[in-house]
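Numbering (my numbering), first residue to last: -4 to 322.
Structure representation (structure tokens):
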């Protein structure tokens, strides 16, 4: 007979090692990340996991971690942990996030009057190349937002109209999927509406212009939806009337990839990349694109200039007769 799992033991195994004062500090830090800095649950979870891995490593080398132990850390202690993580084939990008999480916790400790973890300031973050966005060709992006492409699917017409409306917002307005699914029914950008207010990263609001074709897609969804949509409730709902999960849209795009013969990089977020890249290719002003995307830094938006330059060079090499000549 199988014994019942020890839930208390499981819960304890998920706690970071350390004395009660350190654990309380960790709890206060994660709460501050979520409530004050408004980080996403996934980011908070990743930061907490990275800190726990470091504390487990520290416990194995020096015994039960304490706040005093952290403030007395040496650079070699951090480098030893990074070496262990690299031996586990952790990427430079993951190591950079790990250091960012540790530094965030160290700042929290200092704000709470526990002293500084000065060793973290002396450790350099690993250099990692910034990954370029992967936009789709114009024809593929337009096809993904066309409800007619999915006419043969065994799904209710209103569901197809809903998915098409969400994808139209991603490509036609450059929204993140969380921003599109965060819209309320009362804020629906229907025909006659030329802009919508969205809530972006860090709880920052921005105004985004809405194309007529996007407003028409949303109106078609609203006309077809058989479920009640209270004004203060979500604009996009699932089959049972609750908020629509991003995974549903991801699955819809995955099905379309197969139908259209698109690569795995054709994701909902790729439509946002396509929005920016296609605007830039048509002489869109970089600062304006930054505002439309809600980027805090222009350097993030500037990545699209590299994408556009690579696209132009690829087209040149494919089409120009001298590009194919060998010396």
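Quick reminder that beta carbons are idealized off the backbone N, C-alpha and C, glycines included.
_On the criterion of 16 or more Cβ atoms from any shown chain inside 10 Å, does residue 269 qualify as buried, or is it exposed?_
As a position in the chain shown, residue 269 is number 274, starting the count at 1. Buried, by the Cβ-count rule.
_Selected residue, minimal CA-CA separation from residue 97, among 229, 197 and 24_ = Translated into positions along the chain shown, residue 97 becomes position 102. When each option's Cα is compared against that of residue 97, the closest is 24.
*Please report how far the alpha carbon of residue 216 lies from the alpha carbon of residue 248, in whole angstroms.*
Locating residue 216 in the chain shown gives position 221, counting from the first residue. Locating residue 248 in the chain shown gives position 253, counting from the first residue. If I take the Cα positions, the gap works out to 17 angstroms.
*Counted within 10 angstroms of its Cβ, other Cβ atoms place residue 261 as buried (16 or more) or exposed*: Counted from its first residue, the chain shown places residue 261 at position 266. Classification for residue 261: buried.
*Nearest residue (CA-CA) to residue 188, options 207, 254 and 194*: Taking the first residue of the chain shown as 1, we reach residue 188 at position 193. That would be 207, whose Cα lies nearest to the Cα of residue 188.
*Taking contact to mean at least 3 C-beta pairs separated by less than 8 angstroms, is the stretch 83 to 102 in contact with the stretch 34 to 48?*
yes
*Would you say residue 354 and residue 175 are within 7 angstroms of each other, going by their C-beta atoms?*
Any property of residue 354 remains undetermined from this structure, which presents the chain solely from -4 to 322.
*asked:* Spatial neighbours of residue 110 within its chain, please: C-beta separation below 6 angstroms, excluding the five flanking residues on both sides.
replied: Numbered from its first residue, the chain shown carries residue 110 at position 115. For residue 110, where only same-chain residues beyond five positions count, the Cβ hits under 6 angstroms are 66.
_I need the DSSP call for residue 179, collapsed to helix, strand or coil._
By one-based count along the chain shown, residue 179 stands at place 184. Three-state DSSP puts residue 179 in a strand.
*Roughly how many whole angstroms lie between the Cα atoms of residue 244 and residue 218?*
By 1-based counting over the chain shown, the position of residue 244 is 249. By 1-based counting over the chain shown, the position of residue 218 is 223. Looking at the two C-alpha atoms, the distance is approximately 20 angstroms.
*Uninterrupted alpha helix (DSSP H) stretches inside the stretch 154 to 207 (no shorter than 4 residues)*: 172 to 176
*Can you tell which of 213, 191 and 202 has its C-alpha closest to the C-alpha of residue 156?*
Taking the chain shown and counting its residues from 1, one reaches residue 156 at position 161. Ranking 213, 191 and 202 by Cα distance to residue 156 puts 213 first.
*alpha helix (DSSP H) segment containing residue 144, residue limits*: Position 149 of the chain shown, counting from 1, holds the residue named residue 144. Premise fails: residue 144 is in no alpha helix (DSSP H) and is neither H nor E.
*With DSSP collapsed to three states, give me the class of residue 36.*
Looking up residue 36 in the chain shown gives position 41. Three-state DSSP puts residue 36 in a helix.
_Nearest to residue 114 (by Cα), restricted to the options 83, 107 and 74_ = Here residue 114 corresponds to residue number 119 of the chain shown, with the count starting at 1. Out of 83, 107 and 74, 74 has the C-alpha closest to the C-alpha of residue 114.
_I'd like to know whether the C-beta atoms of residue 136 and residue 266 end up nearer to each other than 7 angstroms._
If you number the chain shown from 1, residue 136 lands on position 141. If you number the chain shown from 1, residue 266 lands on position 271. It is a contact, given that the beta carbons lie within the stated cut-off.
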